[in-house]
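S.K.: This is the structure I want to talk about, given as structure tokens.
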Amino acid sequence: FRMENGESEKTVPTSFSSANPAKKKIDKLIASKVHNDPAFAELMDYVSPIVSDIDIHTERRLMRKLEQRELDLNKEYLKEFEKVNEHVQKFSDKVTAMHTICAGLTDQIQQNKEKTQDLLNKTSALQNRKKVLELKQKAIDDFLAKFSLTEAEEKALEGNTDGRVSSDFFPALTRAHSIYEQSKQLLRTCANHSAAMGVMEEMSKKMESAYDVLYRSIQRECRVLSTEMGEVKGVIADSFAALKDRQVLLKYALDDYANARKNNAMRAFSDILTRGAGGGKPLEVLSHDPLRYTGDMLAWIYECIGSEKELLMAMLSKCPPEMVREHEQRVLSLISSQLARTFKVRVEQTLTGEHESTLLYKLVSILAFYATKIEPIVGTESDLVQTIEELQQLTLNIFFSGLNQTVLKILAKMGTPDYDLLPVQAVHQSLILLKEVLDVHDSTSAGGDDAKNRFDKMVASVLDPLYRSIQLATTHLHSGVDISVYTLNCLSSIHSLLILYPYTDKRIEVALALMSGHEDTLISEEASAILSSTGLIPIYQKAMAHNQSQGPLSSISDADSATVKRALEAFDNFLAQPHYGRIDQVARISNMQVRDRVHTRTMEAVVAAYSIIHDKLVDPFNKYEGLEAKTVEQVRDLLK
Numbered sequence: 153f154r155m156e157n158g159e160s161e162k163t164v165p166t167s168f169s170s171a172n173p174a175k176k177k178i179d180k181l182i183a184s185k186v187h188n189d190p191a192f193a194e195l196m197d198y199v200s201p202i203v204s205d206i207d208i209h210t211e212r213r214l215m216r217k218l219e220q221r222e223l224d225l226n227k228e229y230l231k232e233f234e235k236v237n238e239h240v241q242k243f244s245d246k247v248t249a250m251h252t253i254c255a256g257l258t259d260q261i262q263q264n265k266e267k268t269q270d271l272l273n274k275t276s277a278l279q280n281r282k283k284v285l286e287l288k289q290k291a292i293d294d295f296l297a298k299f300s301l302t303e304a305e306e307k308a309l310e311g312n313t314d315g316r317v318s319s320d321f322f323p324a325l326t327r328a329h330s331i332y333e334q335s336k337q338l339l340r341t342c343a344n345h346s347a348a349m350g351v352m353e354e355m356s357k358k359m360e361s362a363y364d365v366l367y368r369s370i371q372r373e374c375r376v377l378s379t380e381m382g383e384v385k386g387v388i389a390d391s392f393a394a395l396k397d398r399q400v401l402l403k404y405a406l407d408d409y410a411n412a413r414k415n416n417a418m419r420a421f422s423d424i425l426t427r428g429a430g431g432g433k434p435l436e437v438l439s440h441d442p443l444r445y446t447g448d449m450l451a452w453i454y455e456c457i458g459s460e461k462e463l464l465m466a467m468l469s470k471c472p473p474e475m476v477r478e479h480e481q482r483v484l485s486l487i488s489s490q491l492a493r494t495f496k497v498r499v500e501q502t503l504t505g506e507h508e509s510t511l512l513y514k515l516v517s518i519l520a521f522y523a524t525k526i527e528p529i530v531g532t533e534s535d536l537v538q539t540i541e542e543l544q545q546l547t548l549n550i551f552f553s554g555l556n557q558t559v560l561k562i563l564a565k566m567g568t569p570d571y572d573l574l575p576v577q578a579v580h581q582s583l584i585l586l587k588e589v590l591d592v593h594d595s596t597s598a599g600g601d602d603a604k605n606r607f608d609k610m611v612a613s614v615l616d617p618l619y620r621s622i623q624l625a626t627t628h629l630h631s632g633v634d635i636s637v638y639t640l641n642c643l644s645s646i647h648s649l650l651i652l653y654p655y656t657d658k659r660i661e662v663a664l665a666l667m668s669g670h671e672d673t674l675i676s677e678e679a680s681a682i683l684s685s686t687g688l689i690p691i692y693q694k695a696m697a698h699n700q701s702q703g704p705l706s707s708i709s710d711a712d713s714a715t716v717k718r719a720l721e722a723f724d725n726f727l728a729q730p731h732y733g734r735i736d737q738v739a740r741i742s743n744m745q746v747r748d749r750v751h752t753r754t755m756e757a758v759v760a761a762y763s764i765i766h767d768k769l770v771d772p773f774n775k776y777e778g779l780e781a782k783t784v785e786q787v788r789d790l791l792k
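Our numbering runs 152 ahead of the 1-based position in the sequence shown.
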């Protein structure tokens, strides 16, 4: 059997005509090999339980059952589909409700969108405004960071509670000064001046306040330094360096420092004078020795000023060199001013009643030496240098006054020269005194115009009254020869002293000129004595005055041949023993060189006179016949 389209169909016998459609189906069925078809096998498995018996009504029963089965399946499908449909309807209702809600929400969103559009626009504008404000805020923050101090810096500028400043003060002050300078630059370049002016005013106030704090801190540190001579703290050096832009405050601060150190130096000086230092004796025990007392005081003052200079240089070590040079001497001068007054009183006390010339001049030299050493440190105009120079001048005045008095006392005892015509004791004492003071001057003087002037004045203080006394003493002598010999001896002693020292060229020239004058006197006297003793003096005078208009010289009285012959014989005797013809006083010349020079020049004068006489004798006009006269060369050789 085969079922198609819900209808059954019976097989027909094979004897039917080939044109029978059923036959074709059967043939097709047989030819299909349904036993190999899985779908057919599955269909058979489904139909087999339904068909229990196969008969002529099987197909109808099968059809009905299949139809009934199909109907049951459809009902069951319908029943299940109704459940699905119920769920679908519920879902549809929900979807519809959701759609309604979404539509409402869409409407509401649309409405809200319309309502908030203005808000969105405003929000966008606010966001843009926010960006602009953020840029402005950043610019303001940058401006404040550049043109304002931090809280820590402002706190540092206020100083510590103890009145001192810390090391953080100086970077903060530098920062404030930098901001002030930058604001000035901003004021020149920026069109809006209000901000720059505000910053400048603010920084100016903060700097002024900071400088006041710094000045009070320096005052406190200076008070500590007045009792403690320790190492200078770095903060003090930084403090003075920070005041380089405030010259008035710097001057006040240095004055405060100088006053503190001045008091400290004065206490130390008083201690060294009255108590001593390091177990040593006080300087006052040396007050009986003016030279050592003054020298030790000056040595201590010089050392003290050197220490004060080192301390001041340490404090100003971070300051510009030109600022240090500007204030260095002024501060050290203030520190040493109190020492000057005390030192002056002590030295003046030692000078009372002290008139020993050499000691006084040594004291002058010590004062001059330390004035030269101290002046480059404290300056020429300082009280200390002025005081030392005043004391030096005072001592010098006392020295010259004492020297003059001593010379006058010595010369007041000058007596009449002795028979030997040597300088009297007063002359030797005066020259010894001069040598002593010149030796002191020569050993202590550093040269220069002042030294030369003092030297000249010392020499004049002794030699000028000595010359007058020598001249006065010679008035008691009996002859010009004695006067010349005595004066030559005194001048020789003076000359021997002067050649030992510098600055005496003019004095030596004067002494030599005076000596030359007295030598000429002795030469003239001795040559005249020789010519007189031999009888040649009138002949020489006649020869000097003779001329041919008077006729022959031999025809003149006192120049005739006989007189000349006797004189030549006497002169020959002198030539044989020339020392017998000399003046006794010439041998009393103490200086051998002077004595020999007088002798040599005297013989030259005799030879010159003889040469004039000889020229007249050998001249035929004068008619000296038969006279035997030695030649000038022979006389010169005999007198050598």
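We put the CB at the ideal spot given by N, CA and C, even for glycine.
Consult DSSP for Met566 and reduce its assignment to one of helix, strand or coil.
M.R.: Met566 falls in the coil class under three-state DSSP.
S.K.: Just to confirm my understanding: we take Pro690, look at its own chain, exclude 5 residues before and 5 after, and list those with CB closer than 7 Å. What are they?
M.R.: Cβ within range, chain order: Asp710.
S.K.: Which residues in the same chain have their Cβ closer than 7 Å to the Cβ of Leu649, if we skip the five residues on either side of it in sequence?
M.R.: Cβ neighbours of Leu649 beyond the five flanking positions: Leu583, Leu586 and Lys587.
S.K.: Going by alpha carbons, who is nearest to Tyr776 out of Gln693, Tyr513 and Lys717?
M.R.: Nearest C-alpha to Tyr776: Lys717.
S.K.: In chain order, what residues of the same chain have a beta carbon less than 8 Å from the beta carbon of Glu232, not counting five sequence neighbours either side?
M.R.: Contacts found: none.
S.K.: Given that a residue counts as buried once 16 or more other Cβ atoms are within 10 Å of its Cβ, and exposed if not, what is Ser276?
M.R.: With fewer than 16 other Cβ atoms within 10 Å, it is exposed.
S.K.: Just to confirm my understanding: we take His670, look at its own chain, exclude 5 residues before and 5 after, and list those with CB closer than 6 Å. What are they?
M.R.: Within the same chain, His670 has close Cβ partners Ser636, Thr639 and Leu640.
S.K.: So, under 8 Å CB-CB, Val537 and Ala523 are touching, yes? Tell me the CB distance rounded to an integer number of Å.
M.R.: Their Cβ separation, rounded to whole angstroms, is 6 Å, which keeps Val537 and Ala523 in contact under 8 Å.
S.K.: In this structure, does DSSP put Cys456 in helix, strand or coil?
M.R.: Here Cys456 sits in helix by DSSP.
S.K.: Between His698 and Leu705, which are expected to be in contact by the criterion C-beta below 8 Å, what is the C-beta distance as a whole number of angstroms?
M.R.: About 5 Å separates the two Cβ atoms, so the contact holds.
S.K.: In angstroms, rounded to a whole number, what distance separates the CA positions of Ser422 and Ala429?
M.R.: Spanning the two alpha carbons is a distance of roughly 11 Å.
S.K.: Starting from Gln737, trace the alpha helix (DSSP H) both ways and give me its first and last residue.
M.R.: No alpha helix (DSSP H) contains Gln737, which DSSP labels as neither H nor E.
S.K.: May I ask which residues mark the beginning and end of the alpha helix (DSSP H) holding Thr529?
M.R.: One point to set straight first is that residue 529 is Ile, not Thr, in the sequence displayed. Residues Ser509 to Val530.
S.K.: Just verifying my parser: in three-state terms, what is the DSSP assignment at Gly382?
M.R.: Note that Gly382 scores a pLDDT of 49, beneath 50, so its modelled location is shaky and nothing firm can be said.
S.K.: Can you tell me whether Arg413 is buried or exposed, with buried defined as 16 or more other CB within 10 angstroms of its CB?
M.R.: With 16 or more other Cβ atoms within 10 Å, it is buried.
S.K.: Starting from Ala695, follow the alpha helix (DSSP H) in both directions and report where the run begins and ends.
M.R.: Element bounds for Ala695: Leu688 to Ala697.
S.K.: Kindly indicate the opening and closing residues of the alpha helix (DSSP H) around Asp197.
M.R.: Note, Asp197: alpha helix (DSSP H), Pro190 to Val199.
S.K.: Tell me, to the nearest whole angstrom, how far the beta carbon of Leu309 is from that of Val351; I am working on the premise that it is less than 8 Å.
M.R.: About 16 Å; that fails the 8 Å criterion.
S.K.: Would you report the Cα separation of Leu574 and Asp616, rounded to the nearest angstrom?
M.R.: Taking the straight line joining both Cα atoms gives about 20 Å.
S.K.: Between Leu271, Gln490, Ile529 and Asp441, which lies nearest to His479 when the distance is taken from Cα to Cα?
M.R.: Looking at the Cα atoms, Ile529 is the closest of the given residues.
S.K.: At which residues does the alpha helix (DSSP H) containing Arg493 begin and terminate?
M.R.: Pro473 to Leu503 is the span of the alpha helix (DSSP H), which, as asked, contains Arg493.
S.K.: Examine the Cβ distances between the region 462-471 and the region 505-514 and report whether three or more of them are shorter than 8 Å.
M.R.: No, they do not touch.
S.K.: Does the beta-carbon of Thr504, which I'm using as the reference point, lie nearer than 7 Å to any heavy atom of the ligand GTP?
M.R.: You won't find the ligand GTP in this model; it holds no ligand whatsoever.
S.K.: So for Asn605, helix, strand or coil by DSSP?
M.R.: Helix at Asn605.
S.K.: Once you ignore the five residues that flank Leu779 on each side, which residues in its own chain have a CB closer than 8 Å to its CB?
M.R.: Result list for Leu779: Ser713, Val716, Lys717, Leu720 and Leu769, in chain order.
S.K.: In whole angstroms, give me the CA-to-CA distance for Gln623 and Glu756.
M.R.: Straight-line Cα distance between these residues: approximately 29 Å.
S.K.: Cβ atoms of Leu563 and Ser621: under 8 Å apart, would you say?
M.R.: For Ser621 and Leu563, yes; Cβs fall inside 8 Å.
S.K.: Could you check what DSSP says for Thr627 in three-state terms: helix, strand or coil?
M.R.: In this structure, Thr627 counts as coil in the three-state DSSP scheme.
S.K.: Look at the alpha carbon of Leu664 and the alpha carbon of Thr494, and state the distance between them as a whole number of angstroms.
M.R.: If I take the Cα positions, the gap works out to 50 Å.
S.K.: Report, in whole angstroms, the separation of the C-beta atoms of Val758 and Leu791, which I expect to be a contact under 8 Å.
M.R.: Sure, about 7 Å apart at Cβ, within 8 Å.
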